[in-house]
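If you're matching them up, the sequences are chains A and B in order.
Numbering-wise (numbering that gives the first Met the number 0), the first sequence opens with residue 0 and increments by one.
Numbering-wise (numbering that gives the first Met the number 0), the second sequence opens with residue 0 and increments by one.
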Amino acid sequence: MTQKPTLDVRDLRTYFFTKGGVAKAVDGITFSIAPGKVLGLVGESGSGKTVTGFSILGLVDQPGRVVGGEILYRGEDLNKVSAERMRELRGVNISMIFQDPMMTLNPVLRIDTQMIEAIRAHEKVSKEIARQRARDALGQVGIASPDERLRAYPHQFSGGMRQRVAIAIALLNKPDLIVADEPTTALDVTIQGQILYEVQKLCSQTGTALIWITHDLSVVAGLADQICVMYAGKIVESGEVNAVLDNPMHPYTHGLITSVPSKNKRGAPLSQIPGMAPSLLSLPKGCAFAPRCKWSNSNCQEQPDIRLAPQNRRLLCHNPIEYNNDNIRQETS
Amino acid sequence: MSVFIIRRLLQSGVVVIIMSFIVFSGVFLIGDPVEILVSDDADQEEREEMIKSMGLDKPFLVQYGIFVSKALKGNLGESFVFNEPALLLILDRMPATMELAVVSLMIAIIFGIPLGVWAGLKPDSWASKSIMTGSILGFSLPTFWVGIMMILLFAVMLGWLPSTGRGDVQVILGMPLSIFSWDGFSHVLMPAVNLALFKLSMVIRLARAGTREVLHQDYIKFAKAKGLQESRIILVHVMKNILIPVVTVLGLEFGGLVAFSVVTETVFAWPGMGKLLIDSIGLLDRPIIVAYLMIIVFLFVFINLVVDILYSILDPRVRLQDVKS
């Protein structure tokens, strides 16, 4: 990687200290993302994707806490900065788009209020200039007659429009990094397509790095450069998106890919990953995926180490699926 | 909007008519005022004279009919005791009660909302736990007892505040008010706090519950993700959302504040309409009781309308419109 990464996350750990025990929602994940690139963070519900996003923005709520690791944003460790510095970074340098567009906008405040405040929290500009910028941002995400729409309340928008507004707010201050947490999951396929197109265009134009959290592999396939597959708080496989999706080496990635319906497999029953994601409070000893894995053996009773594979791929498995035996080198990082 | 208001006014009219019947028949049942008003040594003829002059010899429905036809002309009957129109007697005392109720409401809002929001923001701190314990006391201690204890402490033992009456009264906009002079303010303070305690506890609980709920909403997290200052998140994003239930409940409770100031007015000898009501009940002065209850009915109906309008201002999702039936 020649370009200096926008964000470099090293061994991040975010634990939730609940009455039932410590839930390791994010347990030692490492990834980085370069300017203008898109990283797809994939996994089932409860695998720690969203908590990863919130950890980056310092928005983990009690009883959760980032307990270890580094989140280096342009070399600055976000775990160590003051609350005020973090606030300055949020919304200007790093912004986030949430999953449910129906819930992200405050229902009792007008769109212009919610956009203008996002600008004026960081810059001393007049309301008129801020409004102008808000209007331009709405136009940018394809909202017709932005002047009129600015004066509307969130409930006067459809879900897709609200998500556009949320994206416009995230883009307002031209951030370097956007964390998008399943922003199209709640939307129609057509709207999803439009929004993906807009976001992709904006990222390549402005050099914004994008972390796209989703469980939809088809979205990642079309959008991302890099992919990280999360399972039970750990990244089990990461690498170049095409390499990983074409040749999954981790049985979990393989399971995810084969459970996507495809026209090539018409008529055949869909394969599925047996069982369900484990509770974070009672993770199996060793590899968390072992109980659901058809390749598991006695080695899997121990926690696997990270292995490096060609094309900068990393994976966390004792028994990777070997498409070509020469591909795998046994290395510990 | 105007269609909505007209419709509501028509509904209110029905409520008033039904209430007038209930009130009139209720008061009719509670006792015969003649027993109290006629002196013991009056003979039968004098008694019948009196009954006739008060119109009590006619059948119930006729009496009600007379009451309604007079009421429509703005005449709610004449007090048996004072021989003055009941409505005027009550309206004369209304500013005192209203002042007491408004000051109490202000106390409940000004102290209740910040305390409740604070308790909601830091639910585990000792300060908010004390606030919540205090609010339980505010709910459960009887008003009259707290009033008497306050008099004992602040008026008798410490001598800081006067225990009875209204003090200096200044006429502002045609209404005699105590609050604008120091002497009057010191008189209104203790009864107002006494009357406010219950509502204060309620506002604290509502504001706390609202804050706890709103804080976990995605839009608060999104506001944080926008990098807004903590103060703006709390004062604008949280506050505007919790005001919706607070205003609704407080609005409806304002009528209750006026109606239940009866106890506080009695304890502190506050010359308001609640005290007049208690005195009139003692004397079975029917026209005043009926007129008082009718005024309270009007008040509730009016407040409900105001709350609906306020509600629509606070919550843009509620727009007053004609419901298609």
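All residues carry an ideal CB built from backbone N, CA and C; glycine is no exception.
All figures in this text were calculated on a predicted structure; none of them were measured in a lab.
For a cutoff of 8 angstroms on Cβ pairs, would you count residue i as touching chain B?
{"i": "A:V91", "result": "yes"}
{"i": "A:T103", "result": "yes"}
{"i": "A:M95", "result": "yes"}
{"i": "A:E116", "result": "yes"}
{"i": "A:D111", "result": "no"}
{"i": "A:R86", "result": "yes"}
{"i": "A:A208", "result": "no"}
{"i": "A:D99", "result": "yes"}
{"i": "A:A120", "result": "yes"}
Which residues in chain B have a C-beta closer than 8 angstroms to the C-beta of residue i? List them in chain order.
{"i": "A:N296", "result": "Chain B residues near A:N296: none, gap ~43 angstroms exceeds 8 angstroms."}
Less than 8 angstroms separating the beta-carbons of residue i and residue j?
{"i": "A:V80", "j": "A:H121", "result": "no"}
{"i": "A:Y230", "j": "A:S54", "result": "no"}
{"i": "A:A208", "j": "A:S94", "result": "no"}
{"i": "B:L194", "j": "B:S103", "result": "yes"}
{"i": "A:G285", "j": "A:I272", "result": "no"}
{"i": "B:V14", "j": "B:V300", "result": "yes"}
{"i": "A:G35", "j": "A:C202", "result": "yes"}
{"i": "B:L36", "j": "B:F79", "result": "yes"}
{"i": "A:D111", "j": "A:R130", "result": "yes"}
{"i": "A:E69", "j": "A:D76", "result": "yes"}
{"i": "A:E116", "j": "B:L227", "result": "yes"}
{"i": "B:I203", "j": "B:D314", "result": "no"}
{"i": "B:L199", "j": "B:A107", "result": "yes"}
{"i": "A:F288", "j": "A:V218", "result": "no"}
{"i": "A:V59", "j": "A:V66", "result": "no"}
{"i": "B:V213", "j": "B:I241", "result": "yes"}
{"i": "A:Q155", "j": "A:G39", "result": "no"}
{"i": "A:G274", "j": "A:Q193", "result": "no"}
{"i": "A:P182", "j": "A:Q204", "result": "no"}
From residue i to residue j, what distance separates their C-alpha atoms?
{"i": "A:I96", "j": "A:V178", "result": "6 angstroms"}
{"i": "B:L9", "j": "B:K69", "result": "21 angstroms"}
{"i": "B:R316", "j": "B:T265", "result": "43 angstroms"}
{"i": "B:K223", "j": "A:L104", "result": "12 angstroms"}
{"i": "A:K18", "j": "B:F20", "result": "59 angstroms"}
{"i": "B:S324", "j": "B:S11", "result": "Annotation note: pLDDT 38 at B:S324 (below 50); position unreliable, no value reported."}
{"i": "B:I112", "j": "B:K121", "result": "14 angstroms"}
{"i": "A:T5", "j": "A:L176", "result": "7 angstroms"}
{"i": "B:G146", "j": "A:L171", "result": "57 angstroms"}
{"i": "B:F259", "j": "B:A268", "result": "14 angstroms"}
{"i": "B:W117", "j": "A:G63", "result": "22 angstroms"}
{"i": "B:V296", "j": "B:S24", "result": "15 angstroms"}
{"i": "A:E147", "j": "B:A208", "result": "35 angstroms"}
{"i": "B:V26", "j": "B:G64", "result": "15 angstroms"}
{"i": "B:R6", "j": "B:M18", "result": "19 angstroms"}
{"i": "B:L87", "j": "B:S279", "result": "14 angstroms"}
{"i": "B:V245", "j": "A:K48", "result": "37 angstroms"}
{"i": "B:L172", "j": "B:H186", "result": "21 angstroms"}
Does any residue of chain A have a CB that is nearer than 8 angstroms to the CB of residue i?
{"i": "B:V322", "result": "Because the pLDDT at B:V322 is just 46, under 50, the model does not fix this residue reliably, and the point stays unresolved."}
{"i": "B:L249", "result": "no"}
{"i": "B:I217", "result": "Just to set this straight, residue 217 of chain B is Asp in the shown sequence, not Ile. Cβ-Cβ to chain A under 8 angstroms: yes for B:D217."}
{"i": "B:L325", "result": "Residue 325 of chain B lies beyond the residue range present for chain B, which begins at 0 and ends at 324; the question has no answer from this structure."}
{"i": "B:A85", "result": "no"}
{"i": "B:Q228", "result": "yes"}
{"i": "B:F221", "result": "yes"}
{"i": "B:A208", "result": "no"}
{"i": "B:I16", "result": "no"}
{"i": "B:R211", "result": "no"}
{"i": "B:K239", "result": "yes"}
{"i": "B:R231", "result": "yes"}
Kindly list, in the order they appear in chain A, the residues whose Cβ is closer than 9 angstroms to that of residue i.
{"i": "B:P244", "result": "Correct list: empty, because the minimum Cβ distance to chain A is about 12 angstroms."}
Name the chain B residues whose beta carbon is nearer than 7 angstroms to that of residue i?
{"i": "A:P106", "result": "R316"}
{"i": "A:I168", "result": "K225"}
Residues, ordered as in the chain, of the stretch 294 to 317 of chain B that lie near chain D by beta-carbon distance below 9 angstroms: Any reference to chain D falls outside this structure, whose protein chains are A and B.
Residues of the stretch 136 to 155 of chain A whose Cβ lies closer than 8 angstroms to any Cβ of chain B, in chain order: Y152 and H154
Short-range partners of chain B found in the stretch 46 to 71 of chain A, where Cβ spacing is below 7 angstroms: L56 and L58
Contact set between the stretch 173 to 201 of chain B and chain A, restricted to residues whose Cβ is under 9 angstroms from the partner: none
Chain A contacts made by the stretch 72 to 97 of chain B, where a contact means CB separation under 7 angstroms: none
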